[in-house]
Amino acid sequence: MKYELKEHFCIYLDILGYSNRIEKNISYSELQSEFKYFIQYVVTQNNFLTEISKPLHYKIKIFSDNIFIALPATEKTIADFHLILQHIIDYQKTLIKANYFIRGGITKGLLYFDDEVIWGSALIEAVKLETKDTIYPFITISDDIKKLFIENELLIDTNEFLSIPIIEIIKDRYYLNYLQTINYDHNFLITHRNLIIRSLKINNDENVIKKYAMLAKYHNEFCKTYKEKLPPINLLIEDVPIDDVIFKRKYLKVIV
Numbered sequence: 001m002k003y004e005l006k007e008h009f010c011i012y013l014d015i016l017g018y019s020n021r022i023e024k025n026i027s028y029s030e031l032q033s034e035f036k037y038f039i040q041y042v043v044t045q046n047n048f049l050t051e052i053s054k055p056l057h058y059k060i061k062i063f064s065d066n067i068f069i070a071l072p073a074t075e076k077t078i079a080d081f082h083l084i085l086q087h088i089i090d091y092q093k094t095l096i097k098a099n100y101f102i103r104g105g106i107t108k109g110l111l112y113f114d115d116e117v118i119w120g121s122a123l124i125e126a127v128k129l130e131t132k133d134t135i136y137p138f139i140t141i142s143d144d145i146k147k148l149f150i151e152n153e154l155l156i157d158t159n160e161f162l163s164i165p166i167i168e169i170i171k172d173r174y175y176l177n178y179l180q181t182i183n184y185d186h187n188f189l190i191t192h193r194n195l196i197i198r199s200l201k202i203n204n205d206e207n208v209i210k211k212y213a214m215l216a217k218y219h220n221e222f223c224k225t226y227k228e229k230l231p232p233i234n235l236l237i238e239d240v241p242i243d244d245v246i247f248k249r250k251y252l253k254v255i256v
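No gaps in the numbering here: position 144 of the sequence shown is 144 in our numbering, and each next residue is one more.
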C-alpha cells in the first residue's frame, strides 16, 4: 500500500521573527540578498543534517521560514533518540551563529511523508506545540515523547556523561536546553547576547518582543549559573523586560 500512515518522530521548526524581517526588506535587491543568505545558511545546513543522519532516514522539507523534519519511529530511532535531539540542538546553534533563532515542537505520531504529500496527526500536533506557548521561543517536547522518556527511565535531574540537557519552564513542559551544550563557549554567548539585543531593538511587534525578552532571561540565567566557568567579562543583557521565570534543569539519560 503506497499511502500508509506510519509512526514517525516529527520536528516542526519556525524561524523567530522572520516575517517581520522579510517585510522590512521591501526592495527587490534586499529581498534577493536575504533569500541568498537564507539558502546559504538554512538550506545548506538542512543538507548537512540530512547527510549526517542517513542511518536514521530523516526527511526534511522547507516552506518559507518553516522547517519540517520527520523520521520513522522504529526501535532503532527510539533507542537513538538522544542522537536526534543532539542533531536538532547542533542545527539550532548553527542557525543562531547565522543570526536566526528557531523555535518549534517535537512529537511522535502517525504520518505520511513523500515528495508531494505531508499528512498526519503528528504534523498537526507539532505545529500546535510550536504555536501554543507563544511566549516561549524554544523547541518543545510533546507529552508523548516525555512519556517515552519516563517509561524508559531516561529523565534525570543530574547531568551525566553525554546526557542531553532539557529545561522545564512551565510545570511539566520540557524544552531543549541548547546553551548547556556549548561547553561554556563565551564567543557563542557573545553572539547569542548580541543577536538578542539587536532583535529587541529592531522589532516593534509586542508578541515578538516578549519572545526575545524570554531568550534574554534564559541567556542571563545561564551566564549567572555558570559564572565561575566563564571568563570575567560582562556577558549579561541589561534591563530585560520580563518578570522572573524559573528554569529547572533536567537531562535525558543516554544509554551507551
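Backbone N, C-alpha and C fix where the C-beta goes; we use that ideal spot for every residue, glycine too.
Proximity to residue i [Cα-Cα], best of the options
| i | options | result |
| --- | --- | --- |
| asparagine 204 | Ser19, Glu130, Tyr226 | Ser19 |
| glutamate 116 | Asn183, Tyr174, Lys227, Phe63 | Phe63 |
| proline 72 | Ile39, Phe35, Ala122, Lys128 | Ala122 |
| glutamate 75 | Leu215, Glu7, Leu195 | Glu7 |
| aspartate 185 | Tyr174, Ile196, Ile169, His219 | His219 |
| methionine 214 | Asn152, Ile196, Lys108 | Ile196 |
| isoleucine 78 | Gly109, Gln92, Tyr3, Phe247 | Gly109 |
| asparagine 177 | Ile233, Lys250, Glu206 | Lys250 |
| glutamine 92 | Arg198, Ala216, Leu179, Ile237 | Leu179 |
| valine 240 | Glu168, Glu228, Lys248, Lys201 | Lys201 |
| valine 127 | Ile167, Ile106, Asp144, Asp143 | Ile106 |
| cysteine 169 | Phe247, Ile237, Asp65, Leu129 | The question names cysteine, yet the displayed sequence has isoleucine at residue 169. When only C-alpha atoms are compared, the closest one is Phe247. |
| tyrosine 175 | Leu129, Ile150, Leu148 | Leu129 |
| isoleucine 11 | Phe81, Lys229, Glu206 | Phe81 |
CA-to-CA distance, residue j to residue i, given in whole angstroms
| i | j | result |
| --- | --- | --- |
| isoleucine 141 | arginine 193 | 25 Å |
| arginine 103 | lysine 210 | 14 Å |
| tyrosine 58 | alanine 70 | 6 Å |
| threonine 131 | phenylalanine 138 | 11 Å |
| leucine 83 | leucine 252 | 11 Å |
| lysine 36 | glutamate 125 | 31 Å |
| arginine 21 | threonine 94 | 19 Å |
| glutamine 86 | proline 165 | 10 Å |
| leucine 16 | isoleucine 145 | 24 Å |
| isoleucine 190 | leucine 235 | 6 Å |
| cysteine 223 | isoleucine 89 | 19 Å |
| leucine 31 | threonine 158 | 46 Å |
| isoleucine 167 | arginine 173 | 8 Å |
| phenylalanine 9 | isoleucine 96 | 24 Å |
| glutamate 221 | tyrosine 100 | 21 Å |
| phenylalanine 38 | serine 27 | 16 Å |
| serine 29 | isoleucine 60 | 28 Å |
| lysine 277 | glutamate 206 | The structure shown has nothing for residue 277, since the chain only spans 1 to 256. |
Spatial neighbours of residue i in its chain, beta-carbon cut-off 7 Å, leaving aside the 5 residues before and after
| i | result |
| --- | --- |
| alanine 98 | Tyr41 |
| tyrosine 226 | Tyr184 |
| glycine 120 | Leu5, Gly109, Leu110, Leu111, Tyr112 |
| valine 208 | Gly17, Asn20 |
| isoleucine 237 | Arg193, Ile196, Ile197, Ala216, His219, Asn220 |
| lysine 229 | Tyr184 |
Neighbourhood of residue i by C-beta, 6 Å cutoff - its chain only, sequence neighbours within 5 removed
| i | result |
| --- | --- |
| phenylalanine 188 | Ile182 |
| leucine 13 | Ile67, Ile102, Gly104 |
| proline 231 | His186 |
| tyrosine 212 | Ile196, Ser199, Leu200 |
| valine 245 | Lys217 |
Own chain, CB closer than 8 Å to residue i, minus 5 neighbours either side, in chain order
| i | result |
| --- | --- |
| valine 43 | Ile62 |
| glutamate 4 | Tyr112 |
| lysine 2 | none |
Opening and closing residue of the alpha helix (DSSP H) in which residue i lies
| i | result |
| --- | --- |
| leucine 215 | 206-225 |
| aspartate 176 | One detail in the question is off: residue 176 reads as leucine in this sequence, not aspartate. Note, leucine 176: premise wrong, no alpha helix (DSSP H); beta strand (DSSP E) at 174-176. |
| leucine 31 | 28-38 |
| glutamine 92 | 81-97 |
| isoleucine 233 | First-last for isoleucine 233: undefined, no H or E at that position. |
| histidine 57 | Here histidine 57 belongs to no alpha helix (DSSP H), and DSSP marks it neither H nor E. |
| lysine 201 | 186-202 |
Identified DSSP bridge partners for residue i
| i | result |
| --- | --- |
| aspartate 14 | Asn66, Arg103 |
| proline 72 | His8 |
| leucine 110 | Glu7 |
| lysine 146 | For lysine 146, which the question treats as bridged, DSSP gives no partner whatsoever. |
| isoleucine 118 | Phe113 |
Residue i: first and last residue of the uninterrupted beta strand (DSSP E) it sits in
| i | result |
| --- | --- |
| isoleucine 167 | 164-168 |
| isoleucine 141 | 139-141 |
| lysine 250 | 248-252 |
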